[in-house]
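Here the structure is laid out as structure tokens; the discussion comes afterwards.
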Amino acid sequence: MVTMELDNFSLEQICDSGQCFRMKKTGENTYSLVAGNQYLEVSQKGSIVDFNCSDTELICFWVPYFDLDVDYGAYIEKVNSRDQYLSKAAAHGSGIRILQQDLWEMIVTFLISQQNNISRIRGCIERLCARYGEKRISGNGVEYYGFPGPEILAEATEQELRELGLGYRARYIAETARTIVKGEISLEKIYRMRYYNRAKNELMKLCGVGEKVADCICLFALHHMDAFPVDTHIRQVLDEHYKRGFPNRRYHGIRGIMQQYIFYYELTEGRR
DNA sequence: AGCCAGGTCAATT
DNA sequence: AATTGACATGGC
Numbered sequence: 001m002v003t004m005e006l007d008n009f010s011l012e013q014i015c016d017s018g019q020c021f022r023m024k025k026t027g028e029n030t031y032s033l034v035a036g037n038q039y040l041e042v043s044q045k046g047s048i049v050d051f052n053c054s055d056t057e058l059i060c061f062w063v064p065y066f067d068l069d070v071d072y073g074a075y076i077e078k079v080n081s082r083d084q085y086l087s088k089a090a091a092h093g094s095g096i097r098i099l100q101q102d103l104w105e106m107i108v109t110f111l112i113s114q115q116n117n118i119s120r121i122r123g124c125i126e127r128l129c130a131r132y133g134e135k136r137i138s139g140n141g142v143e144y145y146g147f148p149g150p151e152i153l154a155e156a157t158e159q160e161l162r163e164l165g166l167g168y169r170a171r172y173i174a175e176t177a178r179t180i181v182k183g184e185i186s187l188e189k190i191y192r193m194r195y196y197n198r199a200k201n202e203l204m205k206l207c208g209v210g211e212k213v214a215d216c217i218c219l220f221a222l223h224h225m226d227a228f229p230v231d232t233h234i235r236q237v238l239d240e241h242y243k244r245g246f247p248n249r250r251y252h253g254i255r256g257i258m259q260q261y262i263f264y265y266e267l268t269e270g271r272r
């Protein structure tokens, strides 16, 4: 167990921010999550956060995962105080982090996410992992399933995948897995791409990956903080509050976290 | 019951 | 270049 005191960090907000679909609330202040092949139980009271793992695991895996060595107060301070909407959204979601998740997992996750609702996305991913993932046991004896790699999913037929309730997205997953396994697109190469636009364009070569899904992958796996996924909710906000366009210049390089503040606000308080 | 969900793709105009 | 319809499924 490792305890840390963290500012601008909220497990609840992270869990509900729609980046990680394998994190769940297990008690009043406790959450569990599976990321890649790692399992974690974590709890929070105020700014005190208890990670149920070793020092090494925390430093090597969960610090980068939760972006713990970044000061999110600095992001919030960049919000234009004259922008009442964004100020409210940032204050409301001040504990959100941009996670650094596994690239393959995000590709599949956001292929599933399209034209789908969040609770169903969670179900689809759990069924996919239970069916194709490797069964593992955590340090404290909890069984969980890792996320199936491209080699595994490339072997699956479209029909098998459809049986998990993935709908027409089954074909996207099957084809994309094969594209990766055949080496037509290299995940390692995408990881190494320094520029957001290059990574995004490469991702959009994958079957079923359009602009929005590519942006989600860039933001939630590759940590390209300038990625700004525009989905139905963000579209509505842009139409309503940013008729002259989102202030891209002002938020250059940090548009992604602003997008998350807006998205989370719309999913929770913002609904009227 | 019916609308909608973190869209993408290909066929039209 | 912009618009439109098909694509699956189930949560609410």
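In the UniProt record's numbering, the protein residues as written are 1 to 272. Here a beta-carbon is modelled for each residue, glycine too, at the ideal position from N, C-alpha and C.
Residue burial classification, residue i (beta-carbon count within 10 angstroms, cutoff 16)
i: E105; result: buried
i: K135; result: exposed
i: R272; result: For R272, the predicted structure reports a pLDDT of 48, less than 50, and the residue's modelled location is therefore unreliable. A value from the coordinates is still provided. That one is exposed.
i: K25; result: exposed
i: A74; result: exposed
i: H252; result: exposed
i: G46; result: exposed
i: M1; result: exposed
i: Q115; result: exposed
i: A130; result: exposed
i: residue 303; result: Outside the shown range of the chain, which is 1 to 272, sits residue 303, and nothing can be said about it.
i: T3; result: exposed
i: T232; result: exposed
Contact set for residue i: own chain, Cβ-Cβ below 6 Å, skip 5 residues either direction
i: V34; result: R22 and Y144
i: S10; result: G95
i: H92; result: Y265 and E269
i: N140; result: none
i: I112; result: I121, C124 and R169
i: D215; result: A227 and P229
Residues of its chain near residue i, where Cβ-Cβ distance is below 7 Å and the 5 sequence neighbours each way are ignored
i: A156; result: Y132 and A174
Extent of the continuous alpha helix (DSSP H) to which residue i belongs
i: T179; result: R169 to V181
i: Y191; result: L187 to R192
i: M258; result: R255 to L267
i: K88; result: Q84 to H92
i: K212; result: E211 to F220
i: N201; result: Y196 to L203
i: R235; result: T232 to H241
Residues sharing a beta bridge with residue i, DSSP
i: Q38; result: A35
i: R136; result: Y144
i: S43; result: T30 and D50
i: K25; result: Y31
Option nearest residue i by Cα separation, candidates the options
i: S138; options: R194, G27 and Q38; result: Q38
i: W62; options: S17, L99 and Q236; result: L99
i: V70; options: D7, H224 and E57; result: D7
i: Y242; options: I254, I262, G18 and H223; result: I262
i: F147; options: G36, Q13 and L58; result: G36
Extent of the continuous beta strand (DSSP E) to which residue i belongs
i: I2; result: In the sequence as displayed, the identity of residue 2 is Val instead of Ile. Taken as a continuous stretch (DSSP letters only), the beta strand (DSSP E) holding V2 covers V2 to E5.
Own chain residues within Cβ distance below 8 Å of residue i, not counting five before or after
i: Q236; result: E266
i: I257; result: Y72, Y75, I96, I98 and M225
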